[in-house]
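Enquirer:
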Amino acid sequence: MTTYARAEAYAPATAANLGVGFDIMGLALCEPGDVVRVELASTEQNGGSGVRVMGITGDAGRLTYDADKNTAAISANEVLKTLGVPHRVNLWLDKGLPLGSGLGSSAASAVAGALAVNALFGEPLTLDELLSAAMEGEAAVSGYHADNVGPCLFGGITLIGGLSADQIYRLPVPKRLVLALVTPNVEVLTALARSVLPKTVTMRQMIAQTAAVARLVDALHRGDIATMAAAMESDGIIEPARAHLMPMLAEVRAAAKTAGALGVVISGAGPTLCAVCDDEAIAQEAAEAMQAVYDAAGIGATACATRVAADGVGARVLKVE
Ligand code: HSE
9 MTTYARAEAY APATAANLGV GFDIMGLALC EPGDVVRVEL ASTEQNGGSG VRVMGITGDA
69 GRLTYDADKN TAAISANEVL KTLGVPHRVN LWLDKGLPLG SGLGSSAASA VAGALAVNAL
129 FGEPLTLDEL LSAAMEGEAA VSGYHADNVG PCLFGGITLI GGLSADQIYR LPVPKRLVLA
189 LVTPNVEVLT ALARSVLPKT VTMRQMIAQT AAVARLVDAL HRGDIATMAA AMESDGIIEP
249 ARAHLMPMLA EVRAAAKTAG ALGVVISGAG PTLCAVCDDE AIAQEAAEAM QAVYDAAGIG
309 ATACATRVAA DGVGARVLKV E
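Every position in the sequence shown, counted from 1, becomes a number in my numbering once 8 is added.
What follows is the structure, given as structure tokens:
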């Protein structure tokens, strides 16, 4: 097997759910993202096999160096196990994504970890094997759902039909689609945001939700951003249960819409809110308007306008040598 001395991989932020598609839809953003760097360690440096976390930046000291608990290290170790190689690998993680923000931070670390180690050995793993390695890392933090890992790995907008690569369907990205994102400085743990969800739904809710997902998929195929936004917003199950965890949701939505946004949904488990727009200047104005709501309330926040990464342009190897 080919082995390199070091490799580096990038994995982008993702917005899961698209409002109505809880756990089954997600999209990749062009940026920001996480970077994982790995090096083959000499046996003198470290005995035994497996991944050792050597450094983490951008996390304000909050992430664990324990390789059994760190998402990047768990997925990196899964790749080593799948390859059956006895090597020791040193790993550095540079967090470009805020933690617990609804932008797929743990998934990005997991995907970058898997990709970097795979690159170290000449990229022998199939997409399916990479997906399952990354899923192991993600699961350590937020359970088995691929609506962040899927788009992170593949780019674009994805429909998650199952947990294997051939069950992840790539949906068209409307050309004029631009998103405005705002992230208030409030952490919402995915576990908490999942614990507040109802355990059962009524037949009426099920019908409305599946109809909205179908409407969304159809709108994406037609490149109809207004209908896409309306379908995303018509979630009658998840947002009502989580809204109390998202500060100023109603006010932010109203401000974004006044600026011309077509719809606003919670990104993943929140608290990032995502406004759907069909014009760059409007998205910029919506981002500023959403930020202004938090400013006025004395809640720190960051906002930006960004595009969805094209299909096939998700996580990638940056360097191998
Ligand atoms: N679909 C997940 C949720 C994404 O909303 O809980 C967060 O990991």
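Glycine residues also receive a C-beta, built at the ideal position from the N, C-alpha and C atoms. Every value quoted in this text rests on a predicted model; they were computed, and no experiment measured them.
#1: Run through DSSP, which three-state label would G271 get?
#2: Residue range of the beta strand (DSSP E) that T310 falls in?
#3: Can you name the residues that DSSP bridges to D42?
#4: On the DSSP bridge assignment, give the partners of L48 in chain order.
#5: Indicate, with yes or no, if the ligand HSE has a heavy atom lying under 7 angstroms from the CB of H153.
#6: Please name the residue in V61, V93, R96, L111 whose C-alpha comes closest to that of P20.
#7: Return the residue from the list V28, K77, T210, L189 that minimises the CA-CA distance to E144.
#8: In angstroms with no decimal places, state the Cα-to-Cα distance between R184 and D287.
#9: What three-state label does DSSP hand V186 in the structure shown?
#10: Are at least three pairs of beta-carbons, each pair with one atom in the region 22-34 and one in the region 217-224, less than 8 angstroms apart?
#11: Who are the near neighbours of P192 in its chain, counting only those whose CB is closer than 6 angstroms to its CB and skipping five residues on each side?
#12: What first and last residue would you give for the beta strand (DSSP E) that runs through T166?
#13: Ends of the beta strand (DSSP E) at I64?
#14: So, with DSSP's three-state summary, where would you put P331?
#15: Between D42 and the rest of its own chain, which residues show a CB-CB distance below 6 angstroms, the 5 nearest in sequence each way excluded?
#16: Between the alpha carbons of L326 and H252, how many angstroms are there, rounded?
#17: Return the residue from the list V87, L101, E86 that minimises the CA-CA distance to R70.
#18: Compute the beta-carbon to beta-carbon distance between V157 and A142, rounded to the nearest angstrom, for a pair I have assumed lies under 8 angstroms.
#19: For T198, which residues from the same chain have a beta carbon less than 6 angstroms from its beta carbon, with the 5 sequence-adjacent residues on both sides left out?
#20: When the Cα atoms are used, what is the spatial distance from S140 to A147?
#21: Can we count S150 as close to the ligand HSE, meaning its CB is less than 7 angstroms from some heavy atom?
Expert: Working from what's here:
#1: DSSP places G271 in strand when its eight states are reduced to three.
#2: For T310, the enclosing beta strand (DSSP E) stretches over residues 309-314.
#3: BP columns for D42 point to A19.
#4: Bridge pairing for L48: V97 [DSSP].
#5: Taking the Cβ of H153 as the reference point, at least one heavy atom of the ligand HSE falls within a distance shorter than 7 angstroms.
#6: With distances taken between Cα atoms, P20 lies closest to L111.
#7: It is K77 whose Cα lies nearest to the Cα of E144.
#8: In a straight line, the C-alpha of R184 is about 6 angstroms away from that of D287.
#9: Three-state DSSP puts V186 in a strand.
#10: Yes, they touch.
#11: Here P192 has P255, P279, Y302, I307, A309 as same chain residues with Cβ atoms under 6 angstroms from its own Cβ, once five neighbours each way along the sequence are excluded.
#12: Here the beta strand (DSSP E) through T166 covers 165-168.
#13: That run of the beta strand (DSSP E) goes 58-65.
#14: Past the edges of the chain, shown from 9 to 329, lies residue 331, and the structure says nothing about it.
#15: Take D42, set aside five residues on each side of it, and the residues of its chain with a beta-carbon closer than 6 angstroms to its own are A19, K103, G104, L105, A116, S117, A120, in chain order.
#16: In this model, L326 and H252 are separated by some 40 angstroms (Cα to Cα).
#17: Residue L101 holds the alpha-carbon nearest to the alpha-carbon of R70 among V87, L101, E86.
#18: Going by Cβ atoms, the distance from V157 to A142 rounds to 5 angstroms, so yes, they are a contact pair.
#19: Hits under 6 angstroms: S150, A277.
#20: If you draw a straight line from the Cα of S140 to the Cα of A147, it comes to about 10 angstroms.
#21: Yes, since a heavy atom of the ligand HSE falls inside the 7 angstroms radius drawn around the Cβ of S150.
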